[in-house]
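Read through the structure below, which is laid out as structure tokens, and then see the notes.
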Amino acid sequence: MPAIIPPQFNELAVPPRLLLGPGPANVAPRVQAAAIAPLLGHLDPVYLGVMNDIQAGLRYVFQTANRTTFSVPGTGSAGMEAALCSLIESGDKVVVGICGYFGNRLVEVAERCGAEVIKVEGEWGRPLDPDELRRACAQHRPKLLAAVHAETSTGVLQPVPPLAAAAHDHGALLLLDTVTSLGGCAVCLDEWGVDAAYSGSQKCLGALPGLSPLSFSDRAVTTVRQRKQPVQSYYLDVPLLERYWLPEHMYHHTAPITLTYALREALRVVIDEGLEARWARHRRVSDAFRAGIGGMGLGLLVPEEHHLPQLTTVLIPEGIDDAMVRKALLSDWNIEVGGGLGPFRGKLWRVGLMGASCTPANALVLLDALGQILRRLGAKVDAGAGQEAALAVLAQRGPLS
Ligand SMILES: Cc1ncc(COP(=O)(O)O)c(C=O)c1O
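Note that our numbering numbers the sequence shown so that position 230 is 230, with each residue one more than the last.
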């Protein structure tokens, strides 16, 4: 007789949320449908074809010819850990640029890999200063410079080529976190000289959560091959993962089959739309949303020139309770947005217009919802002016769809 009695729970009932936070984003119906295709074994020849398609699709979205390009099982953090624990050996020096929450996570993971981390801190809400990173690389001669391309905690887009130059001029590799950027704005690994990058499936790529695309240049692969000690994680060892993905297809782990079906379909959606058109859609919708926020009389954390299209940080007006607004958005409108992280907790909302969630209609409905809730709570906002400002931007740039 089992000592623990069976628990009782009902059939799952999921509300139809509009996911407008920092991720996951809503996915296209065809992506959701791909995930319910019948299972295949992870070494089935048909499945190996799925893997090949994913590698080709990821090379397109990463804009790279890197052979070592595949998805790591696990969310964006798995890609971060796989990259860092494969590239770093105990005692290696790593310079990390920090201007938000995810820069700090890079530090935390690199330190757990035994790295001697040199932190270069910038202001949260502004990009890193490449000259400071260059000076740190010149002084410390690190193995690796690591930075976040799209800082999801602040909504800042980091220009990459100056970082690559700072690293390469001093013999370091550049590792780039593209969890929030990939598929939503330009990510050009080869053109920019990025040696290693990882991402997440659940944001601008428009797939389901649970996979982390990763790409290593030949230089990064050589660095891993020259390690003195084996990678301390078996599961996240990039060369071992590569032997499963590349022609050998040597068993390493049981692939999350249905998640990879969905990623393959999401990549097909990206290919159908075209990368440039997809980047332009994210820019257009977010420009309209930002104009709407300004038109309502609310403030934004990030100035236009540093703004990350797929994630906008809206300052919470004085006297307005963050949690009350987000609760009303969820319960009355079925809309999720994110709250602030670290020093911005309670001070801003993080609005993600990513992947399939990034539509003019979603931007307009969120402006409407925010306007009505804030007015009810006594804030001085002009919801009508917000809608008009957003519509004006959309109209300037083509049809409303
Ligand atoms: C920039 C950045 N890096 C890393 C991560 C970690 O990804 P995950 O939560 O998918 O593990 C996130 C998650 O939002 C992120 O935004």
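A virtual CB, placed ideally from N, CA and C, is assigned to each residue, including glycine.
- Cβ-heavy atom distance between S217 and ligand 1 below 7 Å? Locating residue 217 in the sequence shown gives position 217, counting from the first residue. No - ligand 1 has no heavy atom lying nearer than 7 Å to the Cβ of S217.
- Pick helix, strand or coil for L20, following the three-state DSSP scheme. Taking the sequence shown and counting its residues from 1, the one referred to as residue 20 is at position 20. Three-state result, L20: coil.
- Task: Under 8 Å by Cβ, that's how I've got V117 and E111 pegged, so tell me the actual separation to the nearest angstrom.
- Result: Locating residue 117 in the sequence shown gives position 117, counting from the first residue. Locating residue 111 in the sequence shown gives position 111, counting from the first residue. About 5 Å; that satisfies the 8 Å criterion.
- P73 and L211 closer than 8 Å at C-beta: On the sequence shown, position 73 is the one that residue 73 refers to. On the sequence shown, position 211 is the one that residue 211 refers to. Contact: yes.
- Message: Is F70 close to ligand 1? I mean its beta-carbon at under 7 Å from any heavy atom of the ligand.
- Response: One-based indexing of the sequence shown puts residue 70 at position 70. False, no ligand heavy atom lies under 7 Å from that Cβ.
- Query: Does the Cβ of E151 lie closer than 7 Å to at least one heavy atom of ligand 1?
  - Reply: The residue given as residue 151 occupies position 151 in the sequence shown. Yes.
- Below 8 Å between beta carbons: does that hold for C185 and L205? The residue given as residue 185 occupies position 185 in the sequence shown. The residue given as residue 205 occupies position 205 in the sequence shown. No, the Cβ-Cβ distance between C185 and L205 is not below 8 Å.
- In terms of residue numbering, what span does the beta strand (DSSP E) encompassing D322 cover? For the purposes of this step, residue 322 is taken as the residue at position 322 of the sequence shown. Unbroken run through D322 is the alpha helix (DSSP H), D322 to W333; no beta strand (DSSP E).
- Task: Return the first residue and the last residue of the alpha helix (DSSP H) that S77 is part of.
- Result: For the purposes of this step, residue 77 is taken as the residue at position 77 of the sequence shown. Where S77 is concerned, the enclosing alpha helix (DSSP H) stretches over G76 to L87.
- According to the Cβ coordinates, are D190 and A65 closer than 8 Å? The residue labelled residue 190 in the question sits at position 190 within the sequence shown. The residue labelled residue 65 in the question sits at position 65 within the sequence shown. Closer than 8 Å, so yes.
- Give the range of the beta strand (DSSP E) segment to which V393 is assigned. For this step, residue 393 is matched to residue 393 along the sequence shown. That residue, V393, is in no beta strand (DSSP E); its alpha helix (DSSP H) goes A383 to Q396.
- Message: Can you list, in chain order, the residues of its chain with a C-beta nearer than 6 Å to that of D169? Leave out the 5 residues immediately preceding and following it.
- Response: Walking along the sequence shown from the start, residue 169 turns up at place 169. No residues qualify anywhere along the chain.
- Message: Please state whether the Cβ-Cβ distance between R283 and P309 is less than 8 Å.
- Response: For this step, residue 283 is matched to residue 283 along the sequence shown. For this step, residue 309 is matched to residue 309 along the sequence shown. Yes, the pair counts as a contact, with Cβ atoms nearer than the cut-off.
- Task: Measure the C-alpha to C-alpha separation of E108 and A33 and round it to an integer number of angstroms.
- Result: Mapped onto the sequence shown, residue 108 falls at position 108. Mapped onto the sequence shown, residue 33 falls at position 33. Approximately 37 Å, taken between the alpha carbons.
- Message: Looking at the strands, I want to know which residues DSSP matches up with E116.
- Response: Reading the sequence shown from its first residue, position 116 is the one you call residue 116. BP columns for E116 point to K93.
- Taking the C-alpha atoms as reference points, what is the distance between R135 and L176? Within the sequence shown, residue 135 is the residue found at index 135, counting from 1. Within the sequence shown, residue 176 is the residue found at index 176, counting from 1. Near 19 Å, if we compare the C-alpha coordinates of L176 and R135.
- Message: At the level of alpha carbons, what is the spacing between D44 and G294?
- Response: By 1-based counting over the sequence shown, the position of residue 44 is 44. By 1-based counting over the sequence shown, the position of residue 294 is 294. Cα-Cα distance, rounded: 53 Å.
- Taking the alpha-carbon positions, what's the P38 to A390 distance? Looking up residue 38 in the sequence shown gives position 38. Looking up residue 390 in the sequence shown gives position 390. Spanning the two alpha carbons is a distance of roughly 43 Å.
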